[in-house]
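Protein chains in written order, with my numbering: chain A, 1 to 157; chain B, 158 to 306.
In structure tokens, the structure reads:
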């Protein structure tokens, strides 16, 4: 027996076949013991399950019942949409906190830097004016941070 | 990390407290210096006090020909922001310091009442400025200026 034949037999068992189709299957069942056995099994199964099938009745007709459910689903979705706002605020708060801390730190560093003269841009070069003698020379030891200025002025100790 | 209202209030209060501390910490302070009059010689003089090891080491690193450096006089100077201070190192030698802009100093060496040298430079803590010249008998004189704070 093919799968199509099995499905045709199931449709006959469920009463879905009408007229000529139903007559042909009835004749086939009458002459084929395998088909008759399967039909009997299908009917037995249906009878056995009949007691377990839930018998729920909808309050309105089928044409009104499902569109009603669809409307309710859409209403729930619309109600959920504004719930994104608190998440956005929470995310904004999370970003705002380190940003404001960084801004505060920068402000403090800027104030301290301006107060202490750290940000004075122009580097004033060392200048020197020898007044008593022109034979002045300067030696800079960068390693020890020492500047030597030698003047030809004969000072007395 | 989430901050509730109390957390934000605490953060703002801590920030407001930090500002005056920052202003106080960054406020210009008085600079302190030490000036030494030093006699440089190859001879020995047991009666004289040698300069401190720190200054001696730095003088040894300079292209000077002398072996020994004796401290003749020492004086401290406190320089307020933008102020001027003069210190006498001997009867005839004195040093005048002026705070130019908080970072730079104007150093004027005065000998026998006359300005000998005027120099503008920055002098960080621990750095030395050595002004020197030849003295009789193959010796030398040095004025060593050191910033303490």
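For every residue, glycine included, the Cβ atom is placed at its ideal position computed from N, Cα and C.
In the three-state reduction of the DSSP assignment, residue 214 of chain B falls in the helix class.
Runs of the beta strand (DSSP E) spanning 3 or more residues and lying entirely within the segment 11-68 of chain A do not occur at all. What residue 207 of chain B touches in chain A, judged by beta-carbon distance under 8 Å, is nothing: the nearest beta carbon there is about 15 Å away. Counting along the chain, residue 139 of chain A sits inside the beta strand (DSSP E) bounded by residues 137-141. Contact between the segment 217-228 of chain B and the segment 267-276 of chain B is absent: fewer than three C-beta pairs spanning the two stretches fall below 8 Å. Residues of the segment 272-290 of chain B with a Cβ closer than 9 Å to any Cβ of chain A, in chain order: 272, 273, 274, 275, 276, 277, 278, 279, 280, 281, 283, 284, 285, 286, 287, 288, 289, 290. Around the Cβ of residue 81 of chain A, a 10 Å sphere holds fewer than 16 other Cβ atoms; the residue is exposed.
Taking a Cβ-Cβ threshold of 9 Å, none of the residues of chain A is close to residue 224 of chain B; the smallest such distance is about 17 Å. Between residue 260 of chain B and the set B:197, B:193, B:229, B:240, the nearest pair of CA atoms involves B:240. For residue 2 of chain A, the three-state secondary structure derived from DSSP is coil. Residues of the same chain with a CB within less than 7 Å of the CB of residue 187 of chain B, apart from the 5 flanking positions on each side, are 235, 236, 237 in chain order.
Taking 8 Å as the cut-off, the beta carbon of residue 13 of chain A is found closer than this to the beta carbon of residue 43 of chain A.
For residue 203 of chain B, the three-state secondary structure derived from DSSP is coil. Following the DSSP letters along the chain, one finds residue 150 of chain A inside the beta strand (DSSP E) bounded by residues 146-151. Contact of residue 104 of chain A with chain B by beta-carbon distance below 8 Å involves 172, 175. Using a CB distance cut-off of 8 Å, residue 139 of chain A counts as an interface residue toward chain B.
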